[in-house]
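At position 155 of the sequence shown (counting the first as 1) the number is 155 in this note's numbering, and the numbers step up by one without a gap.
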Amino acid sequence: MDFYTFIHFFLSCSLSFSLFYLLLSSLITRLTSLVAPTRQCECQICQDFLSRNWTKKFHNISDWYSDLLQKSPTGTIHIHVANNIITANPENVEHMLKTRFHNYPKGKQFSAILGDLLGQGIFNVDGHSWKFQRKLASLELGSVSVRSYAFRVISSEIQTRFIPLIESFSDHERVVDLQDVFRRFAFDTICRFSFGLDPGCLRSSLPESEFASAFDKASRLSAERAMTASPLVWKMKRFFNLGSEKELRSAIRSIDVLAGEVIKQKKEMGTGQIQNDLLSRFMSTISDDDYLRDIVVSFLLAGRDTIASGLTSLFWLLAQNREIVSMIREEAERVMGQSDTGLPTFEQLQKMNYLQAAVYESLRIFPPVQFDSKFASQPDVLPDGSFVKSGTRVTYHPYAMGRMEKIWGSDCLEFKPERWLSDGIFTPVNPFKFSVFQAGNRVCLGKEMAVVEMKLVAVSFIRRFDIELAAPSDQSMLRFSPGLTATVSGGLPVVIQRRRDSEIIENAFVLRK
Ligand code: HEM
Numbered sequence: 001m002d003f004y005t006f007i008h009f010f011l012s013c014s015l016s017f018s019l020f021y022l023l024l025s026s027l028i029t030r031l032t033s034l035v036a037p038t039r040q041c042e043c044q045i046c047q048d049f050l051s052r053n054w055t056k057k058f059h060n061i062s063d064w065y066s067d068l069l070q071k072s073p074t075g076t077i078h079i080h081v082a083n084n085i086i087t088a089n090p091e092n093v094e095h096m097l098k099t100r101f102h103n104y105p106k107g108k109q110f111s112a113i114l115g116d117l118l119g120q121g122i123f124n125v126d127g128h129s130w131k132f133q134r135k136l137a138s139l140e141l142g143s144v145s146v147r148s149y150a151f152r153v154i155s156s157e158i159q160t161r162f163i164p165l166i167e168s169f170s171d172h173e174r175v176v177d178l179q180d181v182f183r184r185f186a187f188d189t190i191c192r193f194s195f196g197l198d199p200g201c202l203r204s205s206l207p208e209s210e211f212a213s214a215f216d217k218a219s220r221l222s223a224e225r226a227m228t229a230s231p232l233v234w235k236m237k238r239f240f241n242l243g244s245e246k247e248l249r250s251a252i253r254s255i256d257v258l259a260g261e262v263i264k265q266k267k268e269m270g271t272g273q274i275q276n277d278l279l280s281r282f283m284s285t286i287s288d289d290d291y292l293r294d295i296v297v298s299f300l301l302a303g304r305d306t307i308a309s310g311l312t313s314l315f316w317l318l319a320q321n322r323e324i325v326s327m328i329r330e331e332a333e334r335v336m337g338q339s340d341t342g343l344p345t346f347e348q349l350q351k352m353n354y355l356q357a358a359v360y361e362s363l364r365i366f367p368p369v370q371f372d373s374k375f376a377s378q379p380d381v382l383p384d385g386s387f388v389k390s391g392t393r394v395t396y397h398p399y400a401m402g403r404m405e406k407i408w409g410s411d412c413l414e415f416k417p418e419r420w421l422s423d424g425i426f427t428p429v430n431p432f433k434f435s436v437f438q439a440g441n442r443v444c445l446g447k448e449m450a451v452v453e454m455k456l457v458a459v460s461f462i463r464r465f466d467i468e469l470a471a472p473s474d475q476s477m478l479r480f481s482p483g484l485t486a487t488v489s490g491g492l493p494v495v496i497q498r499r500r501d502s503e504i505i506e507n508a509f510v511l512r513k
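Have a look at this one:
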């Protein structure tokens with residue numbers, strides 16, 4: 001065979017092979033959707049769900065659910081065709097997350113979807129493995145050394161990267177996607193906290209990080225598994241290593257390689273040097289490298305997109321509520337003094353009650369995890385009388401709960417930090433009404449860190465800069481992309497300016513130069 005014949009033969013083979021792959025992939029999708037069990041139901045909600053009729057009136061499916069739940073006398077609805085009971089009733093939420101916690105595990109359906117990415121990590125397991133990791137992680141996250149390490153990591157990312165980057169944007173007054181900045185910020189922070197590894201995503205050149213891209217891809221593709229007509233679709237594609245499943249496998253391989261290298265390096269360093277990142281702390285109890293990788297990757301997933309999402313909607317709300325921005329500035333000046341141009345200390349941050357109220361209020365209106373499902377292992381009856389068959393998906397819906405007049409009053413759609421203050425002091429509410437961090441036995445382990453991080457970013461920014469939305473907007477119009485965590489589709493384009501109305505800014509600028 002001469003060279004040209006060989007090339008011709010090779011190209012035809014590759015082409016036939018690719019065509020075969022494409023055909024097989026689409027055949028699998030079609031076949032599995034045919035054999036997927038589709039329940040029948042004539043009720044209006046199920047008909048609107050199947051026909052996507054709701055899109056005529058609502059941008060986000062969560063807005064449609066909120067509307068239905070607000071109108072439902074029990075605060076609960078049932079999408080029969082999806083075998084999904086959705087509730088915004090705090091008594092039901094307490095029942096599933098605390099009183100009958102053992103009857104509502106994450107379930108096999110959920111852990112299968114995230115299993116390849118998260119393995120046996122805390123986020124993805126039930127039973128003994130969850131209990132063991134929960135105990136260990138609570139102990140570490142509660143320790144003074146880990147807490148102050150987290151505060152140092154967040155402060156240094158803000159001081160050395162976030163503020164200088166925003167300053168450079170403000171010099172040119174160009175449109176910037178703040179959501180992208182927050183995603184980079186949150187990834188650097190959670191990697192440094194969990195692994196002691198700095199991917200440097202927020203460096204001034206805004207570099208592409210191989211690790212961040214692999215992680216993005218893996219979480220997006222894992223979430224997309226949940227959107228296929230039946231689990232058979234992605235399982236078959238995974239079996240044949242096709243399309244999105246092939247991409248997912250390769251992204252997870254990159255994560256594994258990087259995590260493996262970090263673990264190896266840490267092992268080589270030994271225990272001589274005290275390190276406070278989570279990985280180093282877990283290594284003193286766990287020796288299995290795969291298990292260590294799984295635990296830490298769960299933390300990355302839990303603590304990256306959630307923070308970026310929370311910050312994006314907080315800034316979107318602040319950009320439209322100047323009087324609230326002024327209140328935060330006044331409080332910061334009162335607590336820190338006008339001449340203090342640095343970042344607040346942990347103690348100063350704790351005294352900023354109004355800022356804390358603003359953060360909670362934005363999370364109430366735009367929770368980063370808009371809904372969260374469990375799967376009933378035994379038949380049950382919810383406090384509002386809803387009957388739950390075993391195997392039913394039961395979903396509590398923090399996004400809808402934030403829009404329930406029964407819980408928050410008739411002004412529930414307004415951004416009002418004052419509702420969290422009593423005599424000027426931040427006052428938390430019943431966690432089953434404000435289920436943004438989940439509640440009960442599996443309440444978020446990073447809650448305190450998340451609130452500190454959001455407060456610190458917000459106050460550091462607000463004291464120095466003014467922000468304007470690049471596209472006019474109104475509060476009911478945020479559109480979200482489908483996924484595990486709320487991401488604003490189209491990002492958050494803004495124009496940033498240095499604050500002109502205060503001496504603080506002038507001082508801060510002079511001091512830094
Ligand atoms: C605004 C930011 C955050 C929000 C809204 C949030 C929300 C949540 C929610 C709703 C869950 C329950 C998920 C489920 O079980 O299905 C959860 C669990 C968890 N979160 Fe967060 N989270 C945030 C930030 C963080 C951060 C920064 C960390 C890490 C330091 C973290 C670590 C965890 C962990 C480890 C779990 C699993 C707990 C368990 O299963 O026992 N979270 N979070």
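Each residue gets a CB set at the ideal place from its N, CA and C atoms; glycine is no exception.
Since this is a predicted model, take the numbers as computed values, not measurements.
In terms of Cα proximity to Val369, the closest of Thr487, Pro105, Met404 is Thr487.
In summary, Val153 is buried, with 16 or more beta-carbon neighbours lying within 10 Å of its beta-carbon over all protein chains present.
Inclusion of Cys444 in the 7 Å shell around the ligand HEM follows from its C-beta lying nearer than that to a non-hydrogen atom of the ligand. Per DSSP, the beta bridge partners of Val175 are Val495. Within the region 82 to 124, the alpha helix (DSSP H) runs of at least 4 residues that lie entirely inside it are, in chain order, 90 to 94, 107 to 118. The beta carbons of His95 and Pro383 sit about 5 Å from each other, so the pair counts as a contact at 8 Å.
Counting along the chain, the unbroken alpha helix (DSSP H) around His128 starts and ends at 127 to 142. DSSP, read as helix, strand or coil, puts Ile163 in helix. With distances taken between CA atoms, Met327 lies nearest to Val459 out of Ile307, Val459, Glu42, Asn83.
In this structure, the ligand HEM has a non-hydrogen atom nearer than 7 Å to the beta-carbon of Val436. A direct Cα-Cα distance of roughly 8 Å separates Lys237 from Lys246. Here Ala308 has Phe182, Arg183, Ala186 as same chain residues with Cβ atoms under 6 Å from its own Cβ, once five neighbours each way along the sequence are excluded. Under a 10 Å Cβ-count criterion, Gly243 is classified as buried, with 16 or more other Cβ atoms of the shown protein chains found around its own Cβ. Rounded to the nearest whole angstrom, the CA to CA distance from Asn92 to Lys98 is 10 Å.
In the three-state reduction of the DSSP assignment, Gln348 falls in the helix class, which pools H, G and I. Distances from the alpha-carbon of Asp372 to those of Phe346, Arg442, Ser254 put Arg442 closest.
Along the length of the region 259 to 333, whole alpha helix (DSSP H) runs at least 4 residues long occupy 278 to 283, 289 to 303, 305 to 319, reported in chain order. The Cβ atoms of Arg419 and Glu330 lie no closer than 8 Å to each other. For the pair Ala223 and Leu202, the Cα-to-Cα distance works out to about 25 Å. For Arg393, the uninterrupted beta strand (DSSP E) run begins and ends at 393 to 396, by DSSP.
Between the alpha carbons of Leu68 and Glu453 lies a distance of about 34 Å. Within the same chain, Cβ atoms closer than 7 Å to the Cβ of Trp64 are found at Trp54, Phe58, the five residues on either side in sequence being excluded. Annotation: Glu468 is outside any alpha helix (DSSP H); the continuous beta strand (DSSP E) that includes it extends over 465 to 469. Residue environment: Leu484 is assigned as buried (16 or more neighbouring CB atoms within 10 Å of its CB, all protein chains considered).
The C-beta separation of Trp316 from Leu492 comes to about 6 Å, placing the pair in contact by the 8 Å criterion.
The continuous alpha helix (DSSP H) containing Asp67 extends over residues 61 to 71. Annotation for Ile77: no alpha helix (DSSP H) segment contains it, though the beta strand (DSSP E) segment containing it runs 76 to 79. For Ala218, the distance from the CB to the nearest heavy atom of the ligand HEM is not below 7 Å. Ser194 counts as buried, since at least 16 other C-beta atoms from the protein chains shown sit within 10 angstroms of its C-beta. Judged by DSSP secondary structure, Lys237 falls within the alpha helix (DSSP H) whose first and last residues are 231 to 240.
In the three-state reduction of the DSSP assignment, Asp380 falls in the strand class, which pools E and B. In the DSSP annotation of this structure, Phe371 is not part of any beta strand (DSSP E), being labelled neither H nor E. For Ile45, the enclosing alpha helix (DSSP H) covers residues 44 to 51. Residue pairing of Ile365 in beta bridges, as defined by DSSP: absent, with no partner found. An exposed status is given to Gln47, since fewer than 16 other beta-carbon atoms sit within 10 Å of its beta-carbon. Inter-residue distance for Asp288 and Ala302 is about 22 Å (C-alpha atoms, whole angstroms).
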